[in-house]
Amino acid sequence: FSQHHQAHAASAFYPSGFDKAVVLCLDGVGEWVTSSVWLGEGNQLTPLQEIRFPHSLGLLYSACTQYCGFKVNSGEYKLMGLAPYGEPNYVELIYRELIDVKPDGSFSLNMRYFDYPVGNRMINRRFEALFGGPALAFDATPAQKHLDLARSVQQVVEEVVLKIVRHATALTGCRNLCLAGGVALNCVANGRILAENACDGLWVQPAAGDAGGALGAAMLAWHRFYQQPRLPVSAGDAMQGALLGPAFSNQQIEQQLQQLGLPYQRLSAERRNPAVAQLLADGAVVGCFQGRMEFGPRALGNRSILADARSADMQRLLNLKIKQRESFRPFAPAVLAEQAADYFALQHSSPYMLLVAQLKPQHCVTAETKLSGLAQQQQLRSTLPAITHVDYSARLQTVDAQQQPAFYAVLQAFYQLTGCPVLINTSFNVRGEPPVCTPAEAIAGFLATDMDYLLLQDCLLTKAEQPSAAIVKARQRQFTPD
């Protein structure tokens with residue numbers, strides 16, 4: 002059996018397209034290792050450095066996640082989304098009391114503040130006293146101190162990651178970098194690595210969490226133990242656009258629709274994308290189900306909910322009526338790869354939605370009055386308000402014709418119609434449920450929410466035409482808060 006971090010490292014290096022790279026794995030804990038640095042070269046992965054439990058950057062982030070009222074191991078991305086609303090007022094306190102960081106990025110936590118090695122909570126009363134009171138109740142509205150803690154721990158994590166990367170690249174003389182482990186899903190930190198020129202080439206495993214470990218274990222066996230050669234990649238990496246899941250034919254989909262008695266329209270190949278583009282331009286929210294499902298936590302156009310990023314009201318509508326989630330959470334843009342540099346300050350592809358970049362100034366709008374905290378979400382910030390976070394950032398997906406041909410065609414049709422190459426792309430699910438995989442799951446999600454249209458391959462469903470009994474039945478489902 003491969004070790005946990007060894008599998009993470011394999012999942013990051015072998016598909017990357019780099020012949021030689023530094024590999025950094027950061028997560029909560031795997032066996033006993035929490036952080037590891039490797040050198041990948043050819044078929045070989047050589048461990049260089051590691052940090053062991055209980056000292057963990059991922060668990061520090063999870064502790065703050067719990068204090069701010071979110072679930073551990075599922076709410077960390079919410080803490081990242083909350084961070085721009087706050088101020089870094091606790092950075093010095095975190096460095097003084099919680100984590101000791103050396104110049105090479107190695108670190109240790111002050112375990113007086115944490116209960117996770119021995120208890121069933123991440124934090125203890127000493128941690129709570131440090132930040133002025135008990136942890137926020139689950140699903141409660143965060144106060145300013147929670148926003149500030151989110152911002153502060155995000156900054157600390159970014160700074161530690163940068164130190165580790167700079168030390169590792171100096172140690173090895175290699176400036177290609179691969180990332181895996183749950184912390185590699187922190188796309189703000191990933192974007193900062195590039196923004197600060199800490200490496201020349203960067204590749205992040207799209208299934209950076211533990212699911213990607215299965216892929217890494219398989220690739221490790223193939224390349225390391227069976228000594229099978231790595232094949233040249235034709236589209237940036239060997240992940241096939243992360244489209245590794247199941248696919249369903251039009252025949253299977255139509256059989257499902259007919260069994261359920263749901264009306265639909267079959268679109269020809271020529272009409273399909275222009276029709277969807279027109280619906281989106283008219284302000285509709287469209288569920289998009291096509292081809293093979295994505296592997297990893299990000300929807301990349303095959304199990305997605307799409308909408309017009311130019312709409313000032315779309316973020317609120319999607320959060321409250323369709324995704325049924327917190328209003329402060331931003332939505333991600335998908336942009337045609339050729340036009341990405343016109344909108345975002347990122348000179349690097351981001352096919353897996355794992356990099357955050359700033360919107361370029363010509364697309365930004367300066368707020369007339371300065372607000373603070375969650376009130377900032379009320380302000381218009383750009384010509385693409387639905388995807389612009391309060392700090393003018395966006396977690397973008399660059400869509401390439403070779404890697405994502407079906408989704409690229411939808412975006413291209415929207416661009417030709419509107420002159421805008423950007424759409425909202427969010428995962429096809431509601432709060433507390435995984436992204437849809439099958440046509441039946443997509444239909445259920447469509448009927449249970451206020452989505453306007455559903456594209457199932459070449460079959461288009463219109464909400465207004467669906468039987469009321471089917472809608473009522475679908476909306477009886479109970480969604481467990483995440």
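The numbering of the sequence shown is our numbering, which starts it at 2 and goes up by one. Glycine is no exception: its CB is placed at the ideal position from the N, C-alpha and C atoms. Because the structure is a prediction, the values reported are computed rather than measured.
{"Query": "Helix, strand or coil: how does DSSP classify ALA358 here?", "Result": "strand"}
{"Query": "Looking only at its own chain, which residues have a Cβ that is under 6 Å from the Cβ of PRO264, when we skip the five neighbours before and after it?", "Result": "GLU466"}
{"Query": "Tell me where the beta strand (DSSP E) around PRO1 begins and ends.", "Result": "Residue 1 is absent from the structure shown; the chain starts at 2 and stops at 483."}
{"Query": "With DSSP run on the structure shown, which of helix, strand or coil describes ASN303?", "Result": "coil"}
{"Query": "With a Cβ-Cβ cutoff of 8 Å, do LEU221 and ALA471 count as a contact?", "Result": "no"}
{"Query": "Tell me THR47's beta-bridge partners as DSSP assigns them.", "Result": "LEU40"}
{"Query": "Under a three-way DSSP split, which group does VAL431 fall into?", "Result": "coil"}
{"Query": "Hey, how far is the Cα of ILE194 from the Cα of ALA335?", "Result": "21 Å"}
{"Query": "Looking only at its own chain, which residues have a Cβ that is under 7 Å from the Cβ of ASP459, when we skip the five neighbours before and after it?", "Result": "ASN251, ARG267, LEU268 and ARG273"}
{"Query": "Scan the stretch 71 to 136 and note each continuous alpha helix (DSSP H) run of 4 residues or more that stays entirely inside, going in chain order.", "Result": "77 to 83 and 126 to 131"}
{"Query": "Let's see if you can read the secondary structure: which residues bound the alpha helix (DSSP H) around VAL154?", "Result": "145 to 173"}
{"Query": "Hey, ALA22 and GLY217: beta-carbon distance below 8 Å or not?", "Result": "no"}
{"Query": "On the three-state DSSP scale, how would you describe ASN198?", "Result": "coil"}
{"Query": "What is the DSSP secondary structure of TYR454, reduced to helix, strand or coil?", "Result": "strand"}
{"Query": "With three or more C-beta pairs closer than 8 Å as the rule, is the stretch 80 to 87 touching the stretch 376 to 394?", "Result": "yes"}
{"Query": "Pick out whichever of ALA138, LYS464, ILE124 and SER428 has its Cα sitting closest to the Cα of GLY70.", "Result": "ALA138"}
{"Query": "Secondary structure at TRP223, three-state DSSP: helix, strand or coil?", "Result": "helix"}
{"Query": "For ARG53, which three-state DSSP category applies?", "Result": "strand"}
{"Query": "If I follow the unbroken alpha helix (DSSP H) through GLY59, where does it start and stop?", "Result": "58 to 68"}
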